[in-house]
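Enquirer: The structure that follows is given in the form of structure tokens.
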Amino acid sequence: RNLELDLRTAIAEGQFTLVYQPQVCLKTGEWTGKETLVRWEHPVRGRILPGEFIDIAEDTGLIIPLGEWIIRQAIEEAASWDEPHRIAINLSPVQMCNPNLVTVLTNAIAEAQIDPQRVEIEITESALMHDSETNVELLHRLRDLGVRIALDDFGTGYSSLNYLRAFPFDKIKIDRCFVSEMLERADCRAIVRNVIMLARALGMETTAEGVETKEQYDWLRRHGCLEAQGYYISRPLESEMAARPAASRE
Ligand code: G
Ligand code: G
Ligand code: MN
Ligand code: NA
Numbered sequence: 495r496n497l498e499l500d501l502r503t504a505i506a507e508g509q510f511t512l513v514y515q516p517q518v519c520l521k522t523g524e525w526t527g528k529e530t531l532v533r534w535e536h537p538v539r540g541r542i543l544p545g546e547f548i549d550i551a552e553d554t555g556l557i558i559p560l561g562e563w564i565i566r567q568a569i570e571e572a573a574s575w576d577e578p579h580r581i582a583i584n585l586s587p588v589q590m591c592n593p594n595l596v597t598v599l600t601n602a603i604a605e606a607q608i609d610p611q612r613v614e615i616e617i618t619e620s621a622l623m624h625d626s627e628t629n630v631e632l633l634h635r636l637r638d639l640g641v642r643i644a645l646d647d648f649g650t651g652y653s654s655l656n657y658l659r660a661f662p663f664d665k666i667k668i669d670r671c672f673v674s675e676m677l678e679r680a681d682c683r684a685i686v687r688n689v690i691m692l693a694r695a696l697g698m699e700t701t702a703e704g705v706e707t708k709e710q711y712d713w714l715r716r717h718g719c720l721e722a723q724g725y726y727i728s729r730p731l732e733s734e735m736a737a738r739p740a741a742s743r744e
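If you want it as structure tokens, here you go:
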């Protein structure tokens with residue numbers, strides 16, 4: 495519970511930073527977007543990964559102010575990048591219950607003067623599970639703002655196919671757990687291949703997560719996956735690195 499107290503202080507004092515993991519188009523090899531990942535720069539413990547504090551932030555409601563900061567900060571930073579890559583932002587299911595969410599996003603987009611099509615919201619299946627009608631309505635309101643909506647960690651929640659029918663996502667993110675074992679296991683390969691085909695049939699894009707090897711990258715490209723993200727392409731980049739064009743980065 496110490497971490498909870500620290501988390502309140504951290505939000506008040508702004509101890510968070512954002513890093514950005516590139517996503518590459520498998521056809522052209524060019525970076526098309528970057529996923530925002532939050533880091534806590536704890537004054538004593540050093541850098542803490544979200545796996546250690548997002549749960550606490552959700553349980554305490556602190557994810558609301560933290561999430562609002564992430565939205566504003568990520569959009570502001572992305573607006574200043576040299577290249578107009580998409581900016582993907584993870585949304586906690588708890589944030590979807592925040593009545594201010596649409597306003598926060600609208601204002602952030604207006605203030606940064608960013609093309610809303612550059613903003614992509616990542617939601618997980620669990621976000622749709624609880625109160626799916628309200629949440630589907632929220633997704634439509636977000637879509638009306640002009641932002642894109644991605645379904646994150648696809649295949650790891652419940653009754654995924656029903657969600658695909660409930661809302662026309664722009665993109666499906668194929669979870670790392672399938673990608674990492676894809677080349678060793680025929681069942682994972684079958685799942686990835688069929689998610690790619692399903693997404694295409696539904697008019698949705700696909701991003702494979704957790705791509706760590708050239709072999710995985712090549713396999714995904716051959717099987718028509720649109721984008722890839724993972725250590726093989728790039729680790730998450732510090733903000734100032736994310737801002738620079740690829741050519742000046744090495
Ligand atoms: O950053 P890392 O690679 O450790 O991410 C671990 C998990 O934390 C991921 O599943 C990701 O969805 C989640 N996460 C990272 N950044 C954010 C964020 O800004 N908001 C929310 N809600 N979750 C995040
Ligand atoms: O839950 P979500 O997929 O949004 O978060 C991505 C998480 O996966 C982050 O913690 C990120 O650092 C991590 N990650 C990104 N690329 C790779 C990868 O290629 N391999 C592994 N093992 N983890 C990755
Ligand atoms: Mn994500
Ligand atoms: Na994910």
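Each residue of the sequence shown is one higher than the last, beginning at 495 in UniProt numbering. The beta-carbon is built from N, C-alpha and C at its ideal position, and this holds for glycine as well.
Which two residues bound the contiguous alpha helix (DSSP H) that contains G561?
Expert: Residue numbering aside, residue 561 sits at position 67 when the sequence shown is read from its first letter. It spans 557-573 - the alpha helix (DSSP H) in which G561 sits, taken as one unbroken run.
Enquirer: Evaluate G697 with the Cβ neighbour count: other Cβ atoms within 10 Å of its Cβ, from every protein chain shown; 16 or more gives buried, anything less gives exposed.
Expert: Here residue 697 is taken as the residue at index 203 of the sequence shown, counted from 1. G697 should be labelled exposed.
Enquirer: May I ask which residues mark the beginning and end of the alpha helix (DSSP H) holding I603?
Expert: Looking up residue 603 in the sequence shown gives position 109. From DSSP, the alpha helix (DSSP H) with I603 extends over 595-606.
Enquirer: Just how far apart, CA to CA, sit V689 and M623?
Expert: By one-based count along the sequence shown, residue 689 stands at place 195. By one-based count along the sequence shown, residue 623 stands at place 129. One C-alpha to the other measures close to 20 angstroms.
Enquirer: How long is the line joining the alpha carbons of I617 and Y657, rounded to whole angstroms?
Expert: Along the sequence shown, read from residue 1 onward, the residue named residue 617 stands at position 123. Along the sequence shown, read from residue 1 onward, the residue named residue 657 stands at position 163. Roughly 11 angstroms separates the two Cα atoms.
Enquirer: Please tell me whether, using a cut-off of 8 angstroms, the distance from the CB of K665 to the nearest non-hydrogen atom of ligand 3 is below it.
Expert: Counting from one through the sequence shown, the residue named residue 665 turns up at place 171. No, Cβ of K665 sits at least 8 angstroms from all heavy atoms of ligand 3.
Enquirer: Considering only heavy atoms of ligand 2, does any lie closer than 8 angstroms to the CB of R566?
Expert: Here residue 566 refers to the residue found at position 72 when the sequence shown is read from its first residue. It does not: the Cβ of R566 is nowhere closer than 8 angstroms to a heavy atom of ligand 2.
Enquirer: Check the C-beta distance from V705 over to F661 and give it rounded, since I have them as a contact under 8 angstroms.
Expert: By 1-based counting over the sequence shown, the position of residue 705 is 211. By 1-based counting over the sequence shown, the position of residue 661 is 167. With 8 angstroms as the limit, V705 and F661 do not qualify as a contact, their Cβ atoms being about 26 angstroms apart.
Enquirer: In three-state terms, what does DSSP make of C519?
Expert: Working through the sequence shown from its first residue, we reach residue 519 at position 25. Looking at C519 - three-state DSSP - the assignment turns out to be strand.
Enquirer: From the DSSP output, which residues share a beta bridge with I583?
Expert: For the purposes of this step, residue 583 is taken as residue 89 along the sequence shown, with counting starting at 1. Partner(s): I615.
Enquirer: Could you pull out every unbroken alpha helix (DSSP H) segment of at least 4 residues lying fully inside the region 625-658, listed in chain order?
Expert: Counting whole runs of 4 or more residues, the region 625-658 contains the alpha helix (DSSP H) stretches 626-639.
Enquirer: Let me make sure I understand the geometry here. Which of L599, A621, S620 has the alpha-carbon closest to that of S611?
Expert: Counting from one through the sequence shown, the residue named residue 611 turns up at place 117. Looking at the sequence shown, residue 611 is not Ser but Gln. It is L599 whose Cα lies nearest to the Cα of Q611.
Enquirer: Let me know if A736 comes out buried or exposed under the rule of 16 or more other beta-carbons within 10 Å of its beta-carbon.
Expert: Numbered from its first residue, the sequence shown carries residue 736 at position 242. It is buried - the Cβ of A736 has at least 16 other Cβ atoms within 10 Å.
Enquirer: When the Cα of E721 is compared with those of E732, D664, L543, which residue comes out closest?
Expert: Residue numbering aside, residue 721 sits at position 227 when the sequence shown is read from its first letter. Of the listed residues, the one whose Cα sits closest to E721 is D664.
Enquirer: At a threshold of 8 angstroms, does E721 count as lining ligand 3 (C-beta to nearest heavy atom)?
Expert: For the purposes of this step, residue 721 is taken as residue 227 along the sequence shown, with counting starting at 1. Not under cutoff, so the answer is no.
Enquirer: Quick one: what's got a C-beta closer than 8 angstroms to S574's C-beta in the same chain, skipping five residues either side?
Expert: Taking the first residue of the sequence shown as 1, we reach residue 574 at position 80. Correct list, in chain order: A737.
Enquirer: Using only the alpha-carbon positions, how far apart do V626 and L636 sit?
Expert: Taking the sequence shown and counting its residues from 1, the one referred to as residue 626 is at position 132. Taking the sequence shown and counting its residues from 1, the one referred to as residue 636 is at position 142. The question names Val, but residue 626 is Ser in the sequence shown. Looking at the two C-alpha atoms, the distance is approximately 15 angstroms.
Enquirer: Look at the Cβ atom of I603, then the Cβ atom of G640, and state whether they are nearer than 9 angstroms.
Expert: The residue you call residue 603 lines up with position 109 of the sequence shown. The residue you call residue 640 lines up with position 146 of the sequence shown. Going by C-beta atoms, I603 is nearer than 9 angstroms to G640.
Enquirer: Please name the residue or residues paired with W525 in a DSSP beta bridge.
Expert: Looking up residue 525 in the sequence shown gives position 31. For W525, which the question treats as bridged, DSSP gives the partners V518.
Enquirer: Heavy atom of ligand 3 less than 8 angstroms from the Cβ of E616, yes or no?
Expert: Here residue 616 refers to the residue found at position 122 of the sequence shown. It does: the Cβ of E616 is within 8 angstroms (strictly closer) of some heavy atom of ligand 3.
Enquirer: For the candidate residues I727, D681, R679, whose alpha-carbon lies nearest to that of A702?
Expert: Against the sequence shown, residue 702 aligns to sequence position 208. Cα-wise, what sits closest to A702 is I727.
Enquirer: For L731 and L677, I'd like the C-alpha separation in whole angstroms.
Expert: For the purposes of this step, residue 731 is taken as the residue at position 237 of the sequence shown. For the purposes of this step, residue 677 is taken as the residue at position 183 of the sequence shown. Each residue's Cα considered, the two are about 27 angstroms apart.
Enquirer: Anyone know if the C-beta pair for P537 and W525 falls short of 9 angstroms?
Expert: Translated into the one-based positions of the sequence shown, residue 537 becomes position 43. Translated into the one-based positions of the sequence shown, residue 525 becomes position 31. For P537 and W525, no; Cβs fall outside 9 angstroms.
Enquirer: Could you tell me the distance, in whole angstroms, from the CA atom of R533 to the CA atom of I542?
Expert: The sequence position of residue 533 within the sequence shown is 39, counting from 1. The sequence position of residue 542 within the sequence shown is 48, counting from 1. Looking at the two C-alpha atoms, the distance is approximately 6 angstroms.
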